[in-house]
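Read the structure below first, then the notes.
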Amino acid sequence: MNWVISSALMFASSVVLYLAIRKGTLLKIPTQLNNLAMFILPVLAYAFIAYVSKAEMKITPFQFILILVTAIFFSYLGNVLSLISLEYAPNPGYSLAISKSYVVFTSIVSVFVFQSELTVKSAVAIALIVISSALISINKGDNTIRRENIMWLPLSLGAFFCWGMLALMSKYLLDIGVGVLPRLIYSMVIVSALIILEMNFKKVKYAGLRIDQLMTLLIIGISASGFNYFMQLGYQLAPNPGYINAVNASSISLVTLFSIFLFKDEFSFRRFVGIIGATLGLLFLFLK
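Under the numbering used here, residues 1 to 288 are what the sequence shown spells out, in order.
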């Protein structure tokens, strides 16, 4: 498998994942339960794969410390900062546009840290995807009364940094010999434990879920399993980990299209331009 196939499978998983999360929101599933499904269900899937494939799970104390720091401060904290920023921002698209642009950060830093390639064509493709994703995310027609707080900007920048460092640390762990499965299993167990603690602290109710809610959580868990696995595999195979992040960012275009038909979301010329731009950027990135 090459990085193009891996990132394409990640792209497809990402679309299903975000549509399922959107469905979960409409079904009034608590955010913490959505998050828990994204981490704890993949752990079970990866553990089964590791057992069947007899994957090497041993890691050194130093590698475990790196995984622990990455899971707590980059994966979990990045998610928390992003959610709070979305709540405080005058328009949630503003927050997403900033935090999702971490692809530029990882692409440039990887050139110096990992001696990754970054061609002019790929740089143009990444810039096109980032700009187009912002056009899709920002909804100028959002008149919802929001609890606006100027802190949304530093919070979204914090999420930007966390997610960028998460990508870079994932690449580094792979380079020092930590396989995809142990990297995912150990980090997701840590994040799952943090989410469970958060749920207990906030007294989130999870008993009495309906069948449609349970099925949605199952789809979230299955799609998250594919998304994270193929993302990590992509980091291992791609010339630059930023390319994988760019493919991930571009998935918002297909999510938007499906949301129009499934959830009757607003469609505008601006979003249409964004979808076309993200698609062209993706094609530029894939073409040799």
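By construction, the Cβ of each residue, glycine as well, lies at the ideal position given by its N, Cα and C atoms.
This one's a predicted model, so the numbers in the text were calculated from it and none came from an experiment.
In this structure, how does DSSP classify residue i when only helix, strand and coil are distinguished?
i, result
"ILE176", "coil"
"THR256", "helix"
"GLY24", "helix"
"GLU266", "coil"
"GLY208", "coil"
"GLY114", "According to the sequence provided, residue 114 is Phe. The question's Gly does not apply to it. PHE114: coil per DSSP, three-state reduction."
"MET1", "coil"
"SER133", "helix"
"THR119", "coil"
"LYS100", "coil"
Among the options, which one has its Cα closest to the Cα of residue i?
i, options, result
"TRP152", "ILE84, MET10, ARG271 and SER14", "ILE84"
"LEU287", "THR31, THR119 and LYS202", "THR119"
"ALA279", "ILE126, GLY208 and PHE74", "Reading the sequence as shown, one finds Thr at residue 279 and not Ala. Ranking ILE126, GLY208 and PHE74 by Cα distance to THR279 puts ILE126 first."
"SER101", "ILE252, LYS264, LEU257 and PHE258", "ILE252"
"ILE59", "LEU184, ALA207, PHE269 and PHE263", "LEU184"
"THR31", "GLU198, MET1 and TYR172", "GLU198"
"SER259", "SER6, ILE5 and TYR18", "TYR18"
"TYR172", "SER225, LEU66, PHE73 and ASN139", "LEU66"
"LYS170", "ILE222, TYR88, GLN236 and LEU81", "According to the sequence provided, residue 170 is Ser. The question's Lys does not apply to it. Per the Cα distances, GLN236."
"SER75", "ASN35, SER132, LEU157 and LEU166", "LEU166"
Starting from the C-beta of residue i, find all residues in its chain whose C-beta is less than 6 Å away, skip the five residues before and the five after it, and write them out in chain order.
i, result
"LEU9", "PHE230"
"ALA71", "SER187, ILE190 and VAL191"
"LEU217", "ALA37"
"ASN143", "With a pLDDT of 47 at ASN143, under the threshold of 50, the predicted position of this residue should be treated as unreliable, and no value is reported."
"ILE276", "none"
For the alpha helix (DSSP H) holding residue i, just list the boundary residues, first then last.
i, result
"ILE150", "Element bounds for ILE150: n/a, residue is neither H nor E."
"ASP212", "211-237"
"THR279", "269-286"
"GLU87", "77-88"
"ILE29", "Unbroken run through ILE29: none, as it is neither H nor E."
"ILE138", "Element bounds for ILE138: n/a, residue is neither H nor E."
Any heavy atom of the ligand FMN closer than 7 Å to the CB of residue i?
i, result
"ALA249", "The ligand FMN is absent from the structure shown, which contains no ligand whatsoever."
Which residues in the same chain have their Cβ closer than 7 Å to the Cβ of residue i, if we skip the five residues on either side of it in sequence?
i, result
"LEU77", "CYS162"
Residues in the same chain with beta-carbon distance under 8 Å from residue i, minus the five sequence neighbours each way, listed in chain order, please.
i, result
"SER110", "SER116, LEU118, LEU168, LYS171, ASN240, PRO241 and GLY242"
Ordered list of alpha helix (DSSP H) runs contained in the stretch 37-74, each at least 4 residues: Whole alpha helix (DSSP H) segments, 4+ residues: 61-69.
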